[in-house]
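What follows is one structure encoded as structure tokens, with my remarks underneath.
Numbering (the numbering used here), first residue to last: 495 to 844.
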């Protein structure tokens with residue numbers, strides 16, 4: 495039995511008196527103690543999905559199950575689920591202690607029980623000794639930790655996080671990614687995280703559900719999503735990709751740019767799209783007897799760790815990441831190993 499399960503979830507909103515479908519038959523299973531990320535561009539439906547799990551929105555159709563029980567009509571405060579919102583929603587007139595303790599005070603816990611829990615929870619988020627501080631005096635990262643502490647103090651079985659790192663600078667965001675993942679492991683609770691940041695999702699998640707236009711296009715591990723994208727949208731949205739159209743005349747051989755390439759995918763007689771990641775293309779000065787193309791270097795950019803080059807072959811421009819550098823205008827050969835070519839059916843989706 496799955497810990498959380500969404501079955502055929504649809505959600506309709508009325509915009510200017512016209513009905514608009516936001517979610518289109520969402521099916522999603524989440525295991526206990528899993529870190530799952532809903533990843534997609536703005537307007538893909540990820541936050542609406544999160545709000546339905548939390549009880550802040552009601553599905554137009556479908557069911558939400560928690561430990562096998564249908565919780566579709568259970569109000570948010572009666573679900574073992576807490577939420578950390580993007581704007582943190584802290585009380586500016588209260589100090590750190592009162593912000594974190596607020597939920598327990600509402601539930602009428604004793605003063606000693608509240609004190610013990612607040613101290614324990616502040617320690618969990620590395621903010622021991624901050625209890626008397628004004629939340630207005632804290633940095634963005636510290637405020638984010640307080641918002642997490644306030645959610646964790648109620649000991650939820652599930653924590654929902656709606657783009658909680660969006661307001662932080664790049665360095666702090668990367669630090670908090672590691673802290674959140676470690677926190678989730680140490681606490682042993684389920685995290686459901688919403689972001690449009692691909693790197694954030696790949697870094698933190700046990701499972702990623704890629705969303706677009708109200709649908710889940712693919713669900714899998716970071717490695718699976720990155721290396722085996724189901725369609726061109728996912729391939730282009732997750733990282734950087736070269737996507738080119740070709741044909742397969744027989745199993746494990748694909749043709750594009752008037753050249754035959756060996757690949758690992760059986761899809762004979764099909765017009766296909768081929769995805770090749772920039773780091774999987776080897777750039778050399780001499781040709782190989784298979785899987786290589788001749789091209790002209792038209793752009794070279796140094797990124798510190800590697801070079802990004804654009805190489806034109808025929809009417810197609812390849813993007814390549816390499817520790818080697820070649821001069822603009824130089825002719826080179828591109829080699830792509832069989833496992834570097836990921837072949838997909840045209841317009842393929844789940």
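Idealized CB from N, CA, C, for every residue including glycine.
Its Cα nearest to that of residue 522, the residue 701 stands out among 594, 701, 536 and 839. Counting only runs of 4+ residues, the alpha helix (DSSP H) found wholly inside the segment 625-702 occupies 634-646, 664-681 and 692-698, in chain order. Within the DSSP secondary-structure output, residue 705 pairs in a beta bridge with 710. Sixteen is the threshold: since fewer than 16 other Cβ atoms of the shown chains lie within 10 Å of the Cβ of residue 623, the residue is exposed. In this structure, the alpha-carbon of residue 608 lies about 29 angstroms from that of residue 565. The beta carbons of residue 748 and residue 835 sit about 7 angstroms from each other, so the pair counts as a contact at 8 angstroms. In the displayed model, residue 722 falls within coil according to three-state DSSP, outside both helix and strand. Between the beta-carbon of residue 588 and that of residue 638 there is about 17 angstroms, and that puts the pair past the 8 angstroms contact cut. 527 is the residue among 541, 527, 501 and 629 whose C-alpha sits nearest the C-alpha of residue 682. 8 angstroms or more divides the Cβ of residue 641 from the Cβ of residue 598. For residue 576, the number of other beta carbons within 10 angstroms of its own is at least 16, and it is reported as buried. In this structure, the alpha-carbon of residue 786 lies about 59 angstroms from that of residue 629. The Cβ atoms of residue 777 and residue 803 lie closer than 8 angstroms to each other. Distance from residue 760 to residue 745 at the Cβ level is roughly 4 angstroms; contact confirmed, criterion being Cβ atoms closer than 8 angstroms. Spanning the alpha carbons of residue 709 and residue 610 requires a straight line of approximately 43 angstroms.
Taking C-beta separations shorter than 6 angstroms and ignoring five residues to either side along the sequence, the partners of residue 648 in its chain run 576 and 597, following chain order.
Per DSSP, reduced to three states, the secondary structure at residue 837 is strand. Under DSSP, the beta-bridge partners assigned to residue 803 are 794 and 814. Residue 618 and residue 533 have their C-alpha atoms spaced approximately 27 angstroms apart. Taking 8 angstroms as the cut-off, the Cβ atoms of residue 822 and residue 792 count as close. Scanning the segment 582-607 from its first residue to its last, the whole alpha helix (DSSP H) runs of 4-plus residues come out as 590-600. Burial state of residue 508 is exposed, judged by a 10 Å Cβ sphere holding fewer than 16 other Cβ atoms. Contact annotation: residue 615 and residue 646 have beta-carbon atoms nearer than 8 angstroms.
DSSP places residue 540 within a helical segment (H, G or I) once states are collapsed to three. Judged by their CB atoms, residue 698 and residue 687 are nearer to each other than the 8 angstroms cut-off. Residue 756 and residue 831 have their C-alpha atoms some 8 angstroms from each other.
The C-alpha of residue 797 is placed about 20 angstroms away from the C-alpha of residue 790.
Here residue 501 is bridged, per DSSP, to 557. For residue 736, the beta-bridge partners assigned by DSSP are 770. Taking C-beta atoms under 8 angstroms as the contact rule, residue 561 and residue 497 qualify, at a distance of about 6 angstroms. In the DSSP assignment, residue 827 is bridged to 778 and 788. Taking 8 angstroms as the upper bound for CB-CB distance, residue 529 and residue 685 are in contact here, some 5 angstroms apart. Burial of residue 531 is indicated by the presence of at least 16 other C-beta atoms within 10 angstroms of its C-beta. In summary, residue 680 is exposed, with fewer than 16 beta-carbon neighbours lying within 10 Å of its beta-carbon over all protein chains present. At least 8 angstroms separates the beta-carbon of residue 556 from that of residue 516. For residue 666, the closest C-alpha among the options 633, 644 and 696 is that of 633.
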